[in-house]
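Quick note: the sequence shown, position 103, residue 103 per UniProt numbering, numbers continuous. For each residue, glycine too, the CB sits at the ideal point set by N, CA and C.
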Amino acid sequence: NVLTNLRRGATSAEAYKNTLFFLDESSMVSNKQAKEFTDLVLQSQSKAVLIGDKEQLLSLNAGKPFELAMTKGLLNSAHVIDTAQMTDIIRQRDPATLGAVHNILDKQPDSALDKLRQQAPDGQGKTQHVISTLEENANDPRKAQQMATEKLPYEV
């Protein structure tokens, strides 16, 4: 990736002059990564679009720069960040899944899990594994977040 290549000296910020960067899943970026990325954007006289959900998984490393940037509106003291919020749920179309998403937004995890259990099982039974993983760690949000980060991309 770009930051790895910069660290190794395989490229320079000048190579990205006037680039428009898109940083997806920005909520998972640590303070250190955010600083490196911000330095690249500023040094290359570029712009960046940060895409993410401050309510989703956080970085496993220190910091939550994405959330702070959104709430404070500043990248640093001299650079203003414009934000836009999307509120329409369009990915989930199935009534049970859409209902589960609304329950999660309303901080009703038990109701969300009940709705997910109502889904028709998939061919590999992975949805049930995700539910059981979340239930096992219901009292330890930090562990649940770590398990989700490690397992969910491979299970769903």
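**Report entry** Delimiting residues of the beta strand (DSSP E) encompassing ALA48
**Finding:** 47 to 50
Requested in this report: Kindly list the residues whose CB is nearer than 7 Å to the CB of ILE51, restricted to its own chain and excluding five residues on each side of it in sequence; keep chain order.
Outcome: PHE22, LEU23, ASP24 and SER26
Query raised in the report: For the stretch 4 to 17 against the stretch 31 to 49, are there 3 or more C-beta pairs whose distance is under 8 Å?
Result: yes
Report task. Rounded to whole angstroms, what's the CA-CA distance from LEU98 to GLN45? Just pull it up for me. Result -> 42 Å
Query raised in the report: Just to confirm, are VAL101 and GLN108 a CB contact at a threshold of 8 Å?
Result: no
Requested in this report: Using 10 angstroms around the beta-carbon of MET86, count the other beta-carbons present and answer buried if the total reaches 16, otherwise exposed.
Outcome: exposed
**Report entry** Supposed contact pair ALA96 and ILE104 - C-beta distance, whole angstroms, cut 8 Å
**Finding:** Wrong, their Cβ atoms sit about 13 Å apart, outside the cutoff.
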